[in-house]
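Here is the structure we will look at, set down as structure tokens.
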Amino acid sequence: MTLKSLSFDQIPSWVSLKCSPSSRKAPQIQPGHVANVHLVSLSKQGKLREVDEFLKHMDEAGISVSPRSYKTLFETCGRLQALSDGKSIHDHLRRTVKEPTGLLDNYVLRMYCDCGSLVDARKVFEEMLERNVVSWVIIMSAYAEEGILDEAIRLFSRMQGSVTEIRSSPSIYITLLRPLTKFSFLELGKQIHSHVIRNGLGSNALVGTAIANMYAKCGWLEGAELVFDRMPEKNAVAWTGMMVGYTQAEKLDNALGLFVKMVNQGIEMDEFVFSIILKVCGGLEDLNVGRQIHGCSVKLGLDSDVSVGTPLVDFYVKFGNFTSACRAFERISEPNDVSWSCIISGNCQIGEFEESVKIFKNLKSKGVVLNSFIYTSIFQACAALSDLNLGAQAHADAIKRGLVNVYGESAMITMYSRCGRLDYAYRAFASLDRPDTVAWTAIICGYACHGNATEALSFFNRMQDCGVRPNAVTFIGVLTACSHSGLVREGKQYLDSMRGEYGVVPTVDHYDCVVDIYSRAGLLEEALELIKSMPFEPDVMSWKSLLGGCWTHQNPELGKIAAKNLLQLEPDDTATYIVMFNLYASCGKWEEAAHFRRMMAERNLRKEIGCSWVTVKGRLHRFTVGDRHHPLAEQIYSTLRELTTSYENADNALLTDEDVWCGLPERKEQLLDHSERLAIAFGLISTPSNAPILVFKNLRACKDCHDFAKQVSRVTGREIVVRDSNRFHHFRLGECSCNDYW
DNA sequence: ATAGGGTTAG
Numbered sequence: 001m002t003l004k005s006l007s008f009d010q011i012p013s014w015v016s017l018k019c020s021p022s023s024r025k026a027p028q029i030q031p032g033h034v035a036n037v038h039l040v041s042l043s044k045q046g047k048l049r050e051v052d053e054f055l056k057h058m059d060e061a062g063i064s065v066s067p068r069s070y071k072t073l074f075e076t077c078g079r080l081q082a083l084s085d086g087k088s089i090h091d092h093l094r095r096t097v098k099e100p101t102g103l104l105d106n107y108v109l110r111m112y113c114d115c116g117s118l119v120d121a122r123k124v125f126e127e128m129l130e131r132n133v134v135s136w137v138i139i140m141s142a143y144a145e146e147g148i149l150d151e152a153i154r155l156f157s158r159m160q161g162s163v164t165e166i167r168s169s170p171s172i173y174i175t176l177l178r179p180l181t182k183f184s185f186l187e188l189g190k191q192i193h194s195h196v197i198r199n200g201l202g203s204n205a206l207v208g209t210a211i212a213n214m215y216a217k218c219g220w221l222e223g224a225e226l227v228f229d230r231m232p233e234k235n236a237v238a239w240t241g242m243m244v245g246y247t248q249a250e251k252l253d254n255a256l257g258l259f260v261k262m263v264n265q266g267i268e269m270d271e272f273v274f275s276i277i278l279k280v281c282g283g284l285e286d287l288n289v290g291r292q293i294h295g296c297s298v299k300l301g302l303d304s305d306v307s308v309g310t311p312l313v314d315f316y317v318k319f320g321n322f323t324s325a326c327r328a329f330e331r332i333s334e335p336n337d338v339s340w341s342c343i344i345s346g347n348c349q350i351g352e353f354e355e356s357v358k359i360f361k362n363l364k365s366k367g368v369v370l371n372s373f374i375y376t377s378i379f380q381a382c383a384a385l386s387d388l389n390l391g392a393q394a395h396a397d398a399i400k401r402g403l404v405n406v407y408g409e410s411a412m413i414t415m416y417s418r419c420g421r422l423d424y425a426y427r428a429f430a431s432l433d434r435p436d437t438v439a440w441t442a443i444i445c446g447y448a449c450h451g452n453a454t455e456a457l458s459f460f461n462r463m464q465d466c467g468v469r470p471n472a473v474t475f476i477g478v479l480t481a482c483s484h485s486g487l488v489r490e491g492k493q494y495l496d497s498m499r500g501e502y503g504v505v506p507t508v509d510h511y512d513c514v515v516d517i518y519s520r521a522g523l524l525e526e527a528l529e530l531i532k533s534m535p536f537e538p539d540v541m542s543w544k545s546l547l548g549g550c551w552t553h554q555n556p557e558l559g560k561i562a563a564k565n566l567l568q569l570e571p572d573d574t575a576t577y578i579v580m581f582n583l584y585a586s587c588g589k590w591e592e593a594a595h596f597r598r599m600m601a602e603r604n605l606r607k608e609i610g611c612s613w614v615t616v617k618g619r620l621h622r623f624t625v626g627d628r629h630h631p632l633a634e635q636i637y638s639t640l641r642e643l644t645t646s647y648e649n650a651d652n653a654l655l656t657d658e659d660v661w662c663g664l665p666e667r668k669e670q671l672l673d674h675s676e677r678l679a680i681a682f683g684l685i686s687t688p689s690n691a692p693i694l695v696f697k698n699l700r701a702c703k704d705c706h707d708f709a710k711q712v713s714r715v716t717g718r719e720i721v722v723r724d725s726n727r728f729h730h731f732r733l734g735e736c737s738c739n740d741y742w
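So for the first sequence, the UniProt record's numbering puts the first residue at 1; every next one is plus one.
Dropping the structure here:
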């Protein structure tokens, strides 16, 4: 909108309607009144550029801006955090109003605080001629909220001498207490409490609530209870605070008990009470009580409130009941970013990563507010989908919006690593000031599954040098690194030192890693011995690892034991049948082999279709075995034929994961059309000759394709990276990073 | 005019 001149004809009629009918007086409008009303209207709509224009016109027309207009303008600038607009309006005020601005200064002060400029705020505060309690509260809370508590306290002492109304101003204390809660400064809190008592505000309900809250959230539950119990009337706020305190102290039963007491005393419940108590039910894994509380919220008509609906969604997600979660979500009348983040992470938790991404894109296109939780889930989804494009885009996007925090940072390390870009993962890690346990773990796991054990273990050592303690997941990464590199002795030593040296109690997963280490190294008896002697019931992974080793090291006797246990635990996993078939077949025991084939057929089991894909210029190209659908199929196959001349000896090739589903061993000679070969060949002909090729595959790489990829990397000089269902293989000049050890 | 509570993630 451009106003050529200050013509009131251009102001919509409804604007002027607003000012006359309410006043009974004759329609004598103050000069400039309409202009000021228009200014306020623009401001409330957040149209700050038009405000600026309009102010100029008012100046030219000699119309002054009313104090009420200034108030609204400053409020708008604060709300929108528009510091430069705020400054120019402040300038305008100083330029045009010569007399003392008095109470308006509080709004200016508030504006600078809201815009995050403590420097400007302080300057205004010091230059103020007249300071009242409100002025002090504003400036003190600004420092306190920023965590600059010592300055807030200094101001507090300074105030003692200059303001007399302190006895009647509980807001001072409430203001000071809130940030203490946030930063958990218990000792300071106690001092303020004594101040409160000395100033006779000990029985003030609002102050009491704030103090009980402060004690509860600083973790001093006894103190909180003392204050809480002595409060003559406790409102929902006080009860909520106590429940939060118990929850943070992991005393969920106490929190629930308090809730029951609250209900019995007939305290009116509001939406915030439901937020915390639903979280408690989720933590207690108490579906029944949660459902009852859900029903209670419906009766009160609160379930459509975002503060109730959102934790309800989360509650049902925790129980894996996604249908109920969605139903709860749909009841929310005005979902906010938290609601969306619950539904997005819920989708991630049930493996619906595409759906998460879809919702995310939709929210972005609609301009809905996003938060760091949403980005963390999206990084997780991109990791699972290996979607580097979207992941990197979301990364840049999150930075622009200032929505990257420690959670997102470590999720990003994992995302880049799983998308095949260990180099980016490292860069993301290296950019951290002080990586915590999870970030270190993410980079260790990254190097481990890319087969770089030396680096992974060196990160583990550096982590300890930095004084960061490893957790259970860290050791999974460490042991995986050992496993992928054949570090048998080291692996066992790490397992043995976990409890004593690091205080991390090993779980069955850690033992499984070591079973895997032994099995891969051909120490099959040791592996079986460990399975038998470990302080846990062996699980699927224990036997799978052993079976894998029996296959690589051709031991049908132990393989039989592993398979027997595996079939009991997981009769529908086709991999067991296939490996056993191959194992017997390769030893020439055809009858036993046939037995497993037959069993598989009888149980009507079908193998997941082998599939590989490669992304070129942002487009995904997907291949299945023997696929001829691709427009460049002819070129792909001729490339493969050229590359395969050295593979005549494929005769004795065995049945692989990929072959089995399509049928029979007679496809011996057809190994050349395995999906990953198609993807590699396509990568070769469709990317620049110096670019690395990154192929993803849903199943484990077979031996022949692994050899093939090595060969191709030697002949063409290309770097080829293949991610199979297990790990990453980096092929360079005829060698693989896994040292044929996978 | 100033002031109190909750829910989401690696």
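A virtual CB, placed ideally from N, CA and C, is assigned to each residue, including glycine.
Query                                                                                                         : Result
Beta-ladder partner(s) of Glu735, from DSSP                                                                   : Arg732
Backbone secondary structure at Phe319 - three-state DSSP                                                     : coil
Check whether Cys218 and Leu186 have beta carbons under 7 Å apart                                             : yes
The stretch 452 to 465 contacting the stretch 410 to 420, beta-carbon criterion three pairs below 8 Å         : no
Outcome for Val505 when other beta-carbon atoms lying within 10 angstroms are tallied against a minimum of 16 : exposed
Alpha-carbon to alpha-carbon, Arg606 and Gly491                                                               : 36 Å
Where Ile350 falls: helix, strand or coil (DSSP)                                                              : coil
Cα-Cα separation, Leu654 to Phe581                                                                            : Note on Leu654: pLDDT 49, under 50, position unreliable in the model; the coordinate value appears next. Roughly 10 Å between the two C-alpha positions.
Closest Cα partner of Glu130 within the set Asn106, Asp305, Pro571 and Asn199                                 : Asn106
Any 3 or more C-beta pairs closer than 8 Å across the stretch 512 to 522 and the stretch 546 to 555           : yes
Meets three-Cβ-pair contact criterion under 8 Å: the stretch 460 to 476 and the stretch 431 to 443            : yes
Paired residues, beta bridge with Trp613 - DSSP                                                               : Arg622 and Phe696
Burial state of Val660 (16 or more Cβ within 10 Å)                                                            : Reliability fails at Val660, whose pLDDT of 44 lies under 50, so the model's placement of it is uncertain and the value that follows must be treated cautiously. Buried: at least 16 other Cβ atoms inside 10 Å.
Alpha helix (DSSP H) segment containing Arg68, residue limits                                                 : Pro67 to Arg79
For Lys182, the nearest candidate out of Glu127, Met159 and Gly245 (CA to CA)                                 : Gly245
Sub-7 Å separation of Leu258 and Met242 beta-carbons                                                          : yes
Rounded straight-line distance, which links the Cα of Glu285 to that of Leu684                                : 52 Å
Cβ-Cβ distance between Ile359 and Ile344 below 7 Å                                                            : yes
Residue span of the beta strand (DSSP E) that contains Arg727, given as start and end                         : Premise fails: Arg727 is in no beta strand (DSSP E) and is neither H nor E.
Through-space distance from Arg95 to Ala205, alpha-carbon basis                                               : 45 Å
Asp627 versus Gly467, Ile609, Gly618 and Lys617, residue with shortest Cα-Cα distance                         : Ile609
Whole-angstrom C-beta distance between Leu104 and Lys71, which should lie under 8 Å                           : 7 Å
Distance cut-off 6 Å: Gly346 Cβ against heavy atoms of the ligand MG                                          : Here there are no bound small molecules, and the ligand MG is not part of this structure.
Ser203 burial status per 10 Å Cβ neighbour count (16 or more: buried)                                         : exposed
Under 7 Å between C-beta atoms of Leu252 and Val289                                                           : no
Beta-carbon proximity of Ile172 to Val137, cut-off 7 Å                                                        : yes
Leu664 to Ala593 span [Cα, whole Å]                                                                           : Model confidence at Leu664 stands at a pLDDT of 41, short of 50, so the residue's coordinates are unreliable; what they give is reported in the following sentence. Leu664 and Ala593: Cα-Cα distance of roughly 13 Å.
Proximal residues to Ala575 (C-beta, below 6 Å), its chain only, five neighbours per side dropped             : none
For Val289, the first and last residue of its enclosing alpha helix (DSSP H)                                  : Leu287 to Lys299
Uninterrupted alpha helix (DSSP H) stretches inside the stretch 535 to 561 (no shorter than 4 residues)       : 540 to 552
Thr175 versus Asn199, Ala142, Ser157 and Leu188, residue with shortest Cα-Cα distance                         : Ala142
Those residues which DSSP pairs with Ile720 across a bridge                                                   : Ile693 and Phe731
Endpoints, the alpha helix (DSSP H) within which His38 is located                                             : His33 to Lys44
Residue range of the alpha helix (DSSP H) that includes Met415                                                : Val406 to Arg418
Asp423 versus Gly467: straight-line alpha-carbon distance, rounded                                            : 25 Å
Three-state class that DSSP yields for Cys382 in the structure shown                                          : helix
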